[in-house]
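Before any comments, here is the structure.
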Amino acid sequence: MDRREALRRTALLLGGIISAPTVAALLSGCDAPAPAAGWTPRALSATEAAQVATIVGHIIPTTDTPGAREAGVDRFIDRMLAEYYSTDNRAAFLRGLADVDRRAHAVKGTAFLDLDPGEQRDLLTALDAEAYRRETVSTAPGQPPFMRAMKELTLLGYYTSQAGATQELRYARVPGRFDGCVAFENIGRSWAT
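In our numbering, the protein residues as written are 1 to 193.
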């Protein structure tokens, strides 16, 4: 796969857009303090934070490398909502999160967090398919559907975390010389640097 194809696929994965709060966070720099042991969410309730942690755990599960949950992506999303999302965008995100719970109640008669992992995955897969078929309306004008926004935040949080950048991706301070056309099989993993 060449660079152009990789960029095209990445753009498709992200829905062709990156939300304004994501751009604002990227432009603000990397001044995130280390998370405290007794973390308290600022933009999410305790239940919403647990729901976000469960969803990101399904989007990037733990394999031979840490998953999104272990990388603290739920805390990253809470920080994004608290510091970078406007009141309207935050409310739209929270409505999308509430919709996940509402759909769990409609399908199984219980909260999303009370579903077994397979049922959670099935519900999230259905929401993802709806978002990509464009059958759902956006949660707010200019905003992607909830699952696209959740995936965007999960990918951004994971691949900018220490675990994502150093264990999932290959990391080397100075990767050496540049070889423009190398088969991916010869490299093994993508580079973080």
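Glycine included, every Cβ here is placed at the ideal spot set by N, Cα and C.
With burial defined as no fewer than 16 other Cβ atoms inside 10 Å of the residue's Cβ, what is the status of S161: buried or exposed?
Buried, since its Cβ has 16 or more Cβ neighbours within 10 Å.
Going by alpha carbons, who is nearest to P66 out of I187, R42, E168, M147?
A check of alpha carbon separations from P66 across I187, R42, E168, M147 identifies E168 as the nearest.
Inter-residue Cα distance where the pair is P41 and A126
About 28 Å.
Where N186 falls, given that 16 or more other Cβ within 10 Å makes a residue buried:
Taking every protein chain shown into account, the CB of N186 has fewer than 16 other CB atoms within 10 angstroms, so this residue is exposed.
Which of the three DSSP states, helix, strand or coil, is assigned to R170?
R170: strand per DSSP, three-state reduction.
Hey, quick one: how far does the alpha helix (DSSP H) through R103 stretch, first residue to last?
Here the alpha helix (DSSP H) through R103 covers 87–108.
If you draw a straight line from the alpha carbon of T87 to that of A43, how long is it in whole angstroms?
Taking the straight line from one Cα to the other gives about 10 Å.
So, using beta-carbon positions, are A50 and L94 closer together than 8 Å?
By the CB criterion at 8 Å, A50 and L94 fall outside the cutoff.
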